[in-house]
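>
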């Protein structure tokens with residue numbers, strides 16, 4: 131990533147060309163790495179597609195992508211909604227590797243005979259551009275206009291907002307993508323550990339022989355037996371490094387404040403609260419960019435948890451709602467985008483208008499005060515522990 135940033139002229143220049151820093155996992159970095167480290171494999175490269183775009187190729191025979199997934203390659207000019215030709219040339223990447231790019235709702239092909247035979251679908255069915263999972267999830271939750279935030283708790287955690295114009299983050303910690311709605315953009319922070327942190331916690335309990343039947347609902351029930359702030363226990367959820375707000379692959383998880391009086395419920399609650407503290411950190415970055423949120427629309431598997439939704443409402447101090455279709459996430463959003471493509475709805479705003487509100491959690495002022503006090507402490511933990519995290523990455527501890 132450092133090599134690409136340097137070739138682009140530094141971080142400011144890179145963000146100026148694409149709207150984003152080149153993050154680990156972005157396609158552009160993978161292409162450059164393959165060229166440098168796997169030259170024989172690179173010599174066989176003809177086209178670079180994201181998984182859903184490969185599926186489009188199989189279905190239709192068309193090489194194509196769309197603006198939201200292209201935004202996540204690190205090679206796309208998000209503001210102009212086109213490939214960043216200058217950067218691509220600087221990195222000596224053959225532009226023919228990259229497919230034509232469409233708006234998400236545009237029809238990019240039709241199912242051909244071989245695609246129909248493979249999937250049992252009629253020949254000629256139109257295939258829309260689609261969207262990247264984290265971006266298309268927003269329309270599936272009804273987040274279309276500024277002033278709305280979306281939280282997604284899957285394996286990772288995403289805080290996202292819809293924008294009428296791109297507002298690149300000065301240091302690239304908040305990612306700026308094209309929205310699946312034309313002439314709109316999508317700001318998001320991604321924490322690598324959300325529902326995955328709860329999964330880790332359950333697996334630890336299972337490994338002890340006492341947690342084989344400890345379902346997510348059972349862990350949440352234990353967490354509900356504790357109190358806001360988990361009786362003075364904080365959890366840093368950086369179990370696989372972190373992307374936002376701290377772009378640090380060496381970051382680690384931590385339980386801070388553990389005492390003999392703490393119970394399974396306290397630890398369970400601290401894990402759930404730690405995920406929301408990470409969201410709230412990302413929210414602070416967004417606010418510094420002028421991105422505000424008056425309501426949160428919760429999605430992903432974690433949105434099924436009443437407690438997790440209430441923790442979000444209390445920490446953010448605003449309503450947290452779920453909408454019809456949010457549990458299906460990106461799949462529901464993809465169906466809405468496809469519907470716009472074949473003019474079932476005139477645009478994404480009309481499509482999102484079909485979504486009904488299912489639940490609404492209101493903030494409790496007293497609990498909000500507890501969380502804000504806890505967050506003041508939480509914010510100081512990563513800076514205080516960062517050197518130790520890096521030191522613990524020494525190979526001597528690899529085991």
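Residue numbers (the working numbering): 131 to 529.
By construction, the Cβ of each residue, glycine as well, lies at the ideal position given by its N, Cα and C atoms.
Remember, it's a predicted structure, so these values are computed and weren't measured experimentally.
1) For residue 279, does the count of other Cβ atoms within 10 angstroms reach 16, so buried, or fall short, so exposed?
2) Consider the Cβ of residue 175: report whether some Cβ of chain D lies at a distance smaller than 8 Å.
3) Quick one: is residue 231 buried, meaning 16 or more other Cβ sit within 10 Å of its Cβ, or exposed?
4) From the DSSP secondary-structure annotation, give me the bridge partner or partners of residue 260.
5) Specify whether the stretch 391-403 and the stretch 234-253 touch according to this definition: at least 3 beta carbon pairs, one from each stretch, less than 8 Å apart.
6) Can you name the start and end residues of the alpha helix (DSSP H) that residue 197 belongs to?
7) Give the DSSP-derived three-state secondary structure of residue 522 in the structure shown.
8) Given a threshold of 16 other Cβ atoms within 10 Å of its Cβ, counted over all protein chains shown, does residue 427 qualify as buried or as exposed?
9) Out of 454, 330, 165, point me to the one whose CA is closest to residue 490's CA.
10) Kindly list the residues whose CB is nearer than 6 Å to the CB of residue 182, restricted to its own chain and excluding five residues on each side of it in sequence; keep chain order.
11) Helix, strand or coil, according to DSSP, for residue 183 in the structure here?
12) For residue 199, I'd like the list of residues in its chain whose CB is within less than 6 Å of its CB, leaving aside the five on either flank, ordered along the chain.
13) With distances taken Cα to Cα, identify the nearest neighbour of residue 265 among 502, 234, 441, 473.
14) Curious, which full-length alpha helix (DSSP H) runs of at least 4 residues does the stretch 256-334 contain?
15) Within 10 angstroms of its Cβ, does residue 513 collect 16 or more other Cβ (buried), or is it exposed?
16) Name the DSSP bridge partner or partners of residue 386?
17) Is it buried or exposed, residue 89, if we count other Cβ atoms within 10 angstroms and call 16 or more buried?
18) Suppose the cutoff is 8 Å on Cβ atoms and the five residues either side in sequence are ignored; what does the same chain contact list for residue 476 look like?
19) Could you give the DSSP three-state label for residue 503: helix, strand or coil?
20) So, does the stretch 367-376 touch the stretch 324-331, judging by three or more C-beta pairs under 8 Å?
21) Considering just the uninterrupted stretch of the alpha helix (DSSP H) at residue 176, what are its terminal residues?
22) When you compare the CB positions of residue 481 and residue 466, do they come within less than 8 Å of one another, or not?
23) Exposed or buried, what is residue 432 when buried is set at 16 or more other beta-carbons lying within 10 Å of its beta-carbon?
With the structure as the only source:
1) buried
2) Annotation note: the requested chain D is absent from the structure, which comprises a single protein chain.
3) buried
4) In DSSP, residue 260 forms no bridge with anything.
5) no
6) 197-201
7) coil
8) buried
9) 454
10) 260
11) helix
12) 180, 262
13) 234
14) 263-271
15) exposed
16) 364
17) The question about residue 89 has no answer, for the chain in this structure spans 131 to 529.
18) 470
19) helix
20) yes
21) Element bounds for residue 176: n/a, residue is neither H nor E.
22) yes
23) buried
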